[in-house]
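Peer 1: Each protein sequence line maps, in turn, to chains A and B. For the first sequence, the numbering used here assigns the number 9 to the initial residue and increments by one for each residue that follows. For the second sequence, the numbering used here assigns the number 24 to the initial residue and increments by one for each residue that follows. Every residue gets a Cβ at the ideal spot worked out from N, C-alpha and C, and that includes glycine. What follows is a structure written as structure tokens; I'll ask about it next.
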Amino acid sequence: MVVKCESRVSGKVMVVKRIKKMPSVSGDASDEDEAGADQGFPVRYLREACLLRACNHPNVMKLEFVTYHEGQIELFSEFVGLNVEDYISSLSDEYFTRNKQKHEWVLQLGRYFMKQVLKGIDYCHSIGILLRDVKPRNFLISSDGTLKLTGFVLARFSLLPEEPLTQQVVTLSYRAPEIILGGTYPVYTAPVDIWSAGCTFAEMITGRTLFEGDSEIGQLLKIFKLLGTPSDCNKSFCFEVPSYIELLPQWQPQSLSERLEGLCDEGVDLLSRMLLYHPCSRITARDALKHPYFQGDHSLMKT
Amino acid sequence: HFHALLQDEVELKKQECTDPVTMIRSIQVVLELCHSVGIMDDMDSEVIALSMNYLQRCSQNEKLVQSFRKSVLLPVACMLTALKLCETYAVRICDLVPLLQPFQVDEDEIRDAEWAVLEALDFNLQPVTTSRLLSCVLDLAPETKRNALRDVADI
């Protein structure tokens, strides 16, 4: 449960994430998953709190403090505001229709937001945090237009050498192909966040989810239809290529500029670099911030 | 070997945990204990290093040390926290209690110690990641060499 609250002492407005009481040893088995069974402080919240505590950046939500009383955990964070997904949903179709003045504003907003998304991701990667759940819902918009990254439940400190990790990360629509194709325990690292950021970018511009599959195979089909079925060379990014891949149609890559109407050439180029199949070829957050798409003054005009 | 370790523990029990050497020895005993009953075959060096780091930081907090008179509680809590962060082994508190029988600790005491450790460390539990290590190296490098080193780090 997440609720908004105000400190009686400082007057500061915060959000508090309440996690239900941990069961006793003889407690209800159904509660075990949520509360971490008989492991004391639940692992997932320990990790979330620890990761948020490790971050200190204007584009990452700040964890104020954690309380733990009689088994109930409360994570107090700064209050930010609406998330990007809800904000996009609140805009009318006119904002996403080409040649309309409002669409021009959305294109500017996309650039303005995307720069902050990449700054937040770059910071996390620079301190060794793999986010694993980058999506519009996990970016909150503050009253001054600053975007703040949240949603650290699936995040973790990255490993070197890389070790197989769980496949059950990243919301399906934003999940990188190397995770989907990587078997039960795929090996993946920071580029999975860049793929998700690319999907987020496209969604900000079009108002629609870029790849919306209803299953893992459905998701792959959506990706392949737009970006083309990967060649043999590109398949080398997979940990263990499933046999059904050979049975899929050989789609040719479609034009991203057609799909993202109105987006400038630099923007399309950046997106295409974020959505490269091979993780090693995919642009890094730091290099993306140096991309021509972000050069020059791109302050947001008012509507 | 297991029984010999238990004898060691009984001796340790008599000491207070204000002595860092005792604390480090305590955590070694705990790790050995866990290993001897086969619940931590995958125990890796990162867990041990983190446990030691937490223990060292906790030992500087006099109030915390004073509040846990049983010498084994803080090491166990530090180890439990490190295990969770590294996700090496999902250890259950109820499994730890019989292993620590000579110390006569119960589950609630371990839970309390765990929270006290987390609170004392203010959730600053992050391991030294490669990225962080490289940043430190870059900071220490002479100004003239930084760009070249940064290029190497990027690769």
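Using a Cβ-Cβ cut-off of 6 angstroms (strictly less than) and excluding sequence neighbours within five positions of residue 40 (chain A), which residues of its own chain qualify?
Peer 2: The residue given as residue 40 (chain A) occupies position 32 in the first sequence. At residue 40 (chain A) the pLDDT is 40, less than 50, meaning the model places this residue with poor confidence and gives no usable figure here.
Peer 1: In whole angstroms, what is the alpha-carbon distance linking residue 83 (chain B) and residue 19 (chain A)?
Peer 2: The residue you call residue 83 (chain B) lines up with position 60 of the second sequence. The residue you call residue 19 (chain A) lines up with position 11 of the first sequence. Near 33 angstroms, if we compare the C-alpha coordinates of residue 19 (chain A) and residue 83 (chain B).
Peer 1: Please specify which runs of the alpha helix (DSSP H), each continuous and at least 4 residues long, are wholly inside the region 77-134 of chain B, giving them in chain order.
Peer 2: The qualifying runs are 85-90, 96-109, 116-122.
Peer 1: Under a CB-based cut-off of 9 angstroms, is residue 183 (chain A) close to chain B?
Peer 2: For the purposes of this step, residue 183 (chain A) is taken as residue 175 along the first sequence, with counting starting at 1. Taking Cβ atoms only, chain B never reaches closer than 9 angstroms to residue 183 (chain A), which makes this a no.
Peer 1: With a threshold of 16 other CB atoms inside 10 Å of the CB of residue 136 (chain B), please say whether the residue is buried or exposed.
Peer 2: By 1-based counting over the second sequence, the position of residue 136 (chain B) is 113. Under this definition residue 136 (chain B) is a buried residue.
Peer 1: Using the Cα positions of residue 63 (chain A) and residue 132 (chain A), report the straight-line distance between them to the nearest angstrom.
Peer 2: As a position in the first sequence, residue 63 (chain A) is number 55, starting the count at 1. As a position in the first sequence, residue 132 (chain A) is number 124, starting the count at 1. Roughly 7 angstroms between the two C-alpha positions.
Peer 1: Could you please give the first and the last residue of the uninterrupted beta strand (DSSP E) stretch that includes residue 288 (chain A)?
Peer 2: As a position in the first sequence, residue 288 (chain A) is number 280, starting the count at 1. Careful: residue 288 (chain A) lies outside any beta strand (DSSP E) and carries neither H nor E.
Peer 1: Taking any Cβ of chain A, which residues in the region 129-142 of chain B have a Cβ under 8 angstroms from it, in chain order?
Peer 2: Per Cβ criterion, the list reads 130, 133, 134, 137, 138, 141, 142.
Peer 1: Is residue 147 (chain A) helix, strand or coil when you go by DSSP?
Peer 2: On the first sequence, residue 147 (chain A) is found 139 positions in, with the first residue counted as 1. Reduced to three states, the DSSP call for residue 147 (chain A) is strand.
Peer 1: My parser needs the beta strand (DSSP E) runs of 3 or more residues fully inside the region 67-106 of chain A; what are they?
Peer 2: Listed in chain order, the complete beta strand (DSSP E) runs (minimum 3 residues) inside the region 67-106 of chain A are 71-77, 80-86.
Peer 1: For residue 47 (chain A), count the other beta carbons within 10 Å of its own beta carbon; 16 or more makes it buried, fewer makes it exposed. Which is it?
Peer 2: The count along the first sequence starts at 1 and reaches residue 47 (chain A) at position 39. The residue in question, residue 47 (chain A), is buried, as its Cβ has 16 or more Cβ neighbours within 10 Å.
Peer 1: Give me the residue from A:228, A:73, A:59 with the minimum Cα distance to residue 26 (chain A).
Peer 2: Here the question's residue 26 (chain A) lines up with position 18 in the first sequence. That would be A:73, whose Cα lies nearest to the Cα of residue 26 (chain A).
Peer 1: Against residue 215 (chain A), what residues of chain B qualify as contacts under a CB-to-CB distance less than 7 angstroms, listed in chain order?
Peer 2: Here residue 215 (chain A) corresponds to residue number 207 of the first sequence, with the count starting at 1. Near residue 215 (chain A) there are no residues of chain B at all, since even the closest Cβ is about 35 angstroms away, more than 7 angstroms.
Peer 1: For residue 71 (chain B), which of B:98, B:87, B:85 has the nearest alpha-carbon?
Peer 2: Taking the second sequence and counting its residues from 1, the one referred to as residue 71 (chain B) is at position 48. For residue 71 (chain B), the nearest C-alpha among the options comes from B:98.
Peer 1: In the structure shown, what three-state DSSP assignment does residue 17 (chain A) receive?
Peer 2: Start at 1 with the first residue of the first sequence, and residue 17 (chain A) comes out as number 9. Reduced to three states, the DSSP call for residue 17 (chain A) is coil.
Peer 1: Per the DSSP calculation, residue 9 (chain A) is bridged to which residue(s)?
Peer 2: Translated into the one-based positions of the first sequence, residue 9 (chain A) becomes position 1. DSSP output for residue 9 (chain A) lists no bridge partner at all.
Peer 1: Exposed or buried, residue 114 (chain B), counting other C-beta atoms within 10 Å across all chains shown (16 or more means buried)?
Peer 2: Stepping through the second sequence from its first residue, residue 114 (chain B) is reached at position 91. So residue 114 (chain B) counts as buried.
Peer 1: Which same chain residues end up closer than 7 angstroms to residue 42 (chain A) when comparing Cβ atoms and leaving out the 5 residues on each side of it in sequence?
Peer 2: Counting from 1 along the first sequence, the entry for residue 42 (chain A) is found at position 34. Below a pLDDT of 50, predicted positions are generally treated as unreliable, and residue 42 (chain A), at 45, falls in that range; the measurement from the model is reported next regardless. Only 28 meet the Cβ criterion.
Peer 1: If we define contact as Cβ-Cβ less than 9 angstroms, is residue 115 (chain B) a contact residue for chain A?
Peer 2: Looking up residue 115 (chain B) in the second sequence gives position 92. With 9 angstroms as the cut-off, residue 115 (chain B) counts as an interface residue toward chain A.
Peer 1: In the DSSP assignment, find the unbroken alpha helix (DSSP H) run with residue 312 (chain A) in it and report its ends.
Peer 2: Not covered by the structure: residue 312 (chain A). The range shown for chain A is 9 to 311.
Peer 1: Span of the beta strand (DSSP E) holding residue 156 (chain A)?
Peer 2: The residue labelled residue 156 (chain A) in the question sits at position 148 within the first sequence. Segment 155-157, the beta strand (DSSP E) holding residue 156 (chain A).
Peer 1: Does residue 42 (chain A) have its Cβ less than 9 angstroms from a Cβ in chain B?
Peer 2: In the first sequence, counting from the first residue as 1, residue 42 (chain A) sits at position 34. Confidence at residue 42 (chain A) is low in this model, with a pLDDT of 45, below 50, so its placement is unreliable and the value that follows should be read with caution. So, not an interface residue.
Peer 1: Where does residue 165 (chain A) fall in DSSP's three states?
Peer 2: Here residue 165 (chain A) refers to the residue found at position 157 when the first sequence is read from its first residue. In the structure shown, residue 165 (chain A) sits in a strand (DSSP, three-state: E or B).
Peer 1: Evaluate the contact criterion for the region 74-85 of chain A versus the region 171-183 of chain A: three or more CB pairs, one atom per stretch, below 8 angstroms.
Peer 2: In short, these stretches do not touch, since the Cβ pair count stays below three.
Peer 1: So, for residue 13 (chain A): in the same chain, excluding its five sequence neighbours on each side, which residues have a beta-carbon less than 7 angstroms away from its beta-carbon?
Peer 2: For the purposes of this step, residue 13 (chain A) is taken as the residue at position 5 of the first sequence. Same-chain partners within the cutoff: 22, 24.
Peer 1: Around the C-beta of residue 153 (chain A), are 16 or more other C-beta atoms found within 10 angstroms, so that it is buried, or is it exposed?
Peer 2: Taking the first sequence and counting its residues from 1, one reaches residue 153 (chain A) at position 145. Exposed.
Peer 1: Only counting the same chain, and skipping five residues up and downstream in sequence, which positions put a Cβ closer than 6 angstroms to that of residue 126 (chain A)?
Peer 2: As a working mapping, residue 126 (chain A) is identified with position 118 in the first sequence. Once the five neighbours on either side are set aside, the close Cβ partners of residue 126 (chain A) are 293, 296, 297.
Peer 1: Can you pull out the residues from the region 45-69 of chain A whose beta carbon lies closer than 9 angstroms to at least one beta carbon of chain B?
Peer 2: Within the region 45-69 of chain A, the residues whose Cβ lies closer than 9 angstroms to some Cβ of chain B are 45, 46, 47, 48, 49, 50, 51, 54, 55, 57, 58, 59, 60, 61, 62, listed in chain order.
Peer 1: How is residue 39 (chain A) classed by DSSP in three states: helix, strand or coil?
Peer 2: By one-based count along the first sequence, residue 39 (chain A) stands at place 31. The predicted model places residue 39 (chain A) with a pLDDT of 39, which falls under 50 and marks its position as unreliable; any figure quoted below should be read in that light. DSSP places residue 39 (chain A) in helix when its eight states are reduced to three.
Peer 1: To the nearest angstrom, how far is the alpha carbon of residue 236 (chain A) from that of residue 97 (chain A)?
Peer 2: What you label residue 236 (chain A) is simply residue 228 of the first sequence in a count that begins at 1. What you label residue 97 (chain A) is simply residue 89 of the first sequence in a count that begins at 1. In a straight line, the C-alpha of residue 236 (chain A) is about 29 angstroms away from that of residue 97 (chain A).
Peer 1: If we count the other Cβ atoms within 10 Å of its Cβ and call it buried at 16 or more, is residue 257 (chain A) buried or exposed?
Peer 2: In the first sequence, the residue the question calls residue 257 (chain A) occupies position 249. By the neighbour-count rule (16 or more Cβ atoms within 10 Å), residue 257 (chain A) is not buried but exposed.
Peer 1: For the alpha helix (DSSP H) containing residue 145 (chain B), name the first residue and the last one.
Peer 2: For the purposes of this step, residue 145 (chain B) is taken as residue 122 along the second sequence, with counting starting at 1. Run containing residue 145 (chain B): none; DSSP gives neither H nor E here.
Peer 1: In terms of residues, what are the limits of the alpha helix (DSSP H) holding residue 199 (chain A)?
Peer 2: Counting from 1 along the first sequence, the entry for residue 199 (chain A) is found at position 191. Segment 199-214, the alpha helix (DSSP H) holding residue 199 (chain A).
Peer 1: If I measure Cβ to Cβ from residue 146 (chain A) and keep anything under 6 angstroms in the same chain, skipping five residues before and after, which residues do I get?
Peer 2: As a position in the first sequence, residue 146 (chain A) is number 138, starting the count at 1. The answer, listed in chain order, is 158, 159.
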